[in-house]
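Following numbering that gives the first Met the number 0, the residues of the sequence shown are numbered contiguously, the last one being 115. C-beta: ideal position from N, C-alpha, C; glycine also. This structure is a prediction, so every number in the text was calculated from the model and none was measured.
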Amino acid sequence: MAFLGGNYYYASSHEPDNFLLKLKFSFCANAYIVNKNYAEKMLEILNESIEAITANGDFDESKTVDSYWCKYMEKDSWFGLYPCIAYQKKGYSNIRMGTLDYEYLFNKPLSDIQIF
Numbered sequence: 000m001a002f003l004g005g006n007y008y009y010a011s012s013h014e015p016d017n018f019l020l021k022l023k024f025s026f027c028a029n030a031y032i033v034n035k036n037y038a039e040k041m042l043e044i045l046n047e048s049i050e051a052i053t054a055n056g057d058f059d060e061s062k063t064v065d066s067y068w069c070k071y072m073e074k075d076s077w078f079g080l081y082p083c084i085a086y087q088k089k090g091y092s093n094i095r096m097g098t099l100d101y102e103y104l105f106n107k108p109l110s111d112i113q114i115f
């Protein structure tokens with residue numbers, strides 16, 4: 000699993016020669032590549048998230064896919080390109096019920112990402 004862009008918070012390593020972060024925690028899922036061997040697992044994660052979002056009959060933002068799949072990042076091999084080559088365009092968010100501009104989160108300096 001590799002993000003083309005994201006709001007990276009925690010990474011366990013940084014490989015400057017190949018522009019990769021080994022992710023432990025990231026939000027703002029917008030563009031990613033799924034390895035063929037991980038595709039079935041990814042589909043399971045997406046379906047689990049959908050079920051969890053509506054389990055109590057009310058929308059639960061903490062179960063959206065970019066929150067839900069964080070528990071898989073550390074134990075599986077999830078990476079993020081750095082610097083990001085994709086980002087979320089400014090626009091209306093159905094989740095936040097307003098216009099958002101998160102471009103700055105995709106362009107933050109490496110010093111703002113905790114590297115372990």
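| Query | Result |
| --- | --- |
| For a quick check, are the C-beta atoms of residue 48 and residue 33 less than 7 Å apart? | no |
| Helix, strand or coil, according to DSSP, for residue 94 in the structure here? | coil |
| Assign residue 89 to one of three DSSP states: helix, strand, or coil. | coil |
| Go through its chain and collect everything with a Cβ distance to residue 104's Cβ below 7 Å, but skip five positions before and after it. | 6, 27 |
| Using the Cα positions of residue 82 and residue 17, report the straight-line distance between them to the nearest angstrom. | 11 Å |
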